[in-house]
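Undergrad:
Numbering (the numbering used here), first residue to last: 76 to 150.
1) What did DSSP end up calling residue 128 once you bin it into helix, strand or coil?
2) Between the alpha carbons of residue 89 and residue 144, how many angstroms are there, rounded?
3) Under the three-state reduction of DSSP, which class applies to residue 122: helix, strand or coil?
4) Just curious, the beta strand (DSSP E) that residue 105 is in, first and last residue?
5) If you draw a straight line from the C-alpha of residue 101 to the C-alpha of residue 128, how long is it?
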C-alpha cells in the first residue's frame, strides 16, 4: 500500500540516552568582524539546541516516523 513512499525513523540508542543529540552543541559569533562582535551567545545556543533535540526526539524516534513520497515512482 506504500509503493511510492519511504518511511524514515531512528531507533532508540542502546543504551538509552536522554536524546539522540546528547553531544550536540552550537558556538555562535554574531556581528561584523570590523565592529562589535557578540561571541557565544549562550541563551540563543541553548534554545536552538533544545529545540533541535526536541524536534528530532519527538518526530523521528520510533514509533514516530516520516513518510517521503518518491518523485516519479510508478506503481
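Don't be surprised by glycine CBs; every beta carbon is placed ideally from N, CA and C.
TA: Let me lay it out:
1) helix
2) 30 Å
3) helix
4) 104 to 106
5) 12 Å
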